[in-house]
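In case it helps, this note's numbering puts the sequence shown at residues 2 to 235.
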Amino acid sequence: MTTSASSIAHHEESLIILTTLQRKKRLLFCKKYLAWEPEKRKKVLWSDEATFTVTGNRGGKVRLRAGTDPYHPKYTEGTVKHPDSVMVWGAFGYHGTGELVALPKNLTVNKERYPELLADHLEDCFIACQSEIFQQDCAPAHTAKLVCAWFEWVGVDYIRDWPGNSPNLRPIENIWALMKRRLRGRDTSTVPKLVTQLQDIWANLDPSLLQNLALSVPKCLQSCRKKKGYPTKY
């Protein structure tokens, strides 16, 4: 069964507050990239980092029998006030996904570390996804002069004018939301188990989902234009 982008439940996100300048940049961006040919859009590699949290869930479901105590330790899961988490970096395109990279604990993705991450994984992602154009958001670590110089040095073609504060223009956000839903019922009680589950879900994303998300970008841009640059649901 194929999965359309429109059938994916939109993830909930906090209200995005945009300045007048940000809205203007979003509108200019929409106008420019709506003019792209469909085949060119298929060449974009969408990238992002996301954080996932360890839970007390050990997978499976427990059914209570009549007369049992629902508060017995056998039937309960513990919670942690300050749970561990893992940050991952991933990229996808119309033709597939690259490796989902679990970043070391306490590693800060800054302007020095980010080029190192890309140097290790970006080329393989381009090959796996048959992509030629790199997309990233405008986080400071992504747009620092050092990073831009690295892009120029290695010859990476990337989208330079991505508008700030615009997660709802990126199809990869839907993948993160989908992965969080698919973690439910799986064993994510430790960081290694969480990483294993994330990489399994990532590796088994439906190709039709990736294709539909990649092709859904124009519809999102049109919606942004219709709302005069204000936030939209992807």
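The beta carbon of each residue, even a glycine, is placed where N, CA and C say it ideally should be.
Values in this document were obtained by computation on a predicted structure and should not be read as measured data.
query: N-terminal and C-terminal residue of the beta strand (DSSP E) that Glu50 is part of; result: 45 to 54
query: Beta carbon of Lys43 nearer than 9 Å to that of Tyr95; result: yes
query: Beta-carbon proximity list for Phe135, same chain, < 6 Å, skipping 5 on both sides; result: Leu46, Val157, Tyr159
query: DSSP bridge partner residues for Asp207 (one or two, in chain order); result: DSSP output for Asp207 lists no bridge partner at all.
query: Beta-bridge pairing of Ala92 - partner residues as DSSP gives them; result: Ser48
query: Segments assigned alpha helix (DSSP H), at least 4 residues, entirely inside the segment 147 to 195; result: 173 to 183
query: Reference Gly97; option with closest CA among Pro208, Tyr231, Gln223, Pro219; result: Pro208
query: Whole-angstrom C-beta distance between Leu108 and Val89, which should lie under 8 Å; result: Contact flag wrong, Cβ pair sits at about 12 Å.
query: Whole-Å CB distance - Cys31 paired with Arg226, under 8 Å assumed; result: 5 Å
query: In DSSP terms, what Ser86 is bridged to; result: Thr54
query: Where Ala142 falls: helix, strand or coil (DSSP); result: helix
query: Close Cβ partners of Thr189 (< 7 Å) along its chain, the five nearest in sequence each way excluded; result: Val55, Thr56, Asn58, Leu195, Gln198
query: Distance between Val148 and Tyr115 (C-alpha atoms, nearest Å); result: 8 Å
query: Straight-line gap, Gly91 to Leu29 (C-alpha atoms, nearest Å); result: 27 Å
query: Cβ-Cβ distance between Phe53 and Lys181 below 9 Å; result: yes
query: Thr197 (DSSP reduced to helix, strand or coil); result: helix
query: Ser224 versus Gln23: straight-line alpha-carbon distance, rounded; result: 16 Å
query: Assigned secondary structure, Ile17 (DSSP; H/G/I helix, E/B strand, else coil); result: coil
query: Unbroken beta strand (DSSP E) run spanning Gln223, endpoints; result: Note, Gln223: premise wrong, no beta strand (DSSP E); alpha helix (DSSP H) at 218 to 227.
query: Lys234 and Asn169 closer than 9 Å at C-beta; result: yes
query: Distance between Lys112 and Leu119 (C-alpha atoms, nearest Å); result: 11 Å
query: Euclidean distance between Cα positions of Leu104 and Thr191; result: 15 Å
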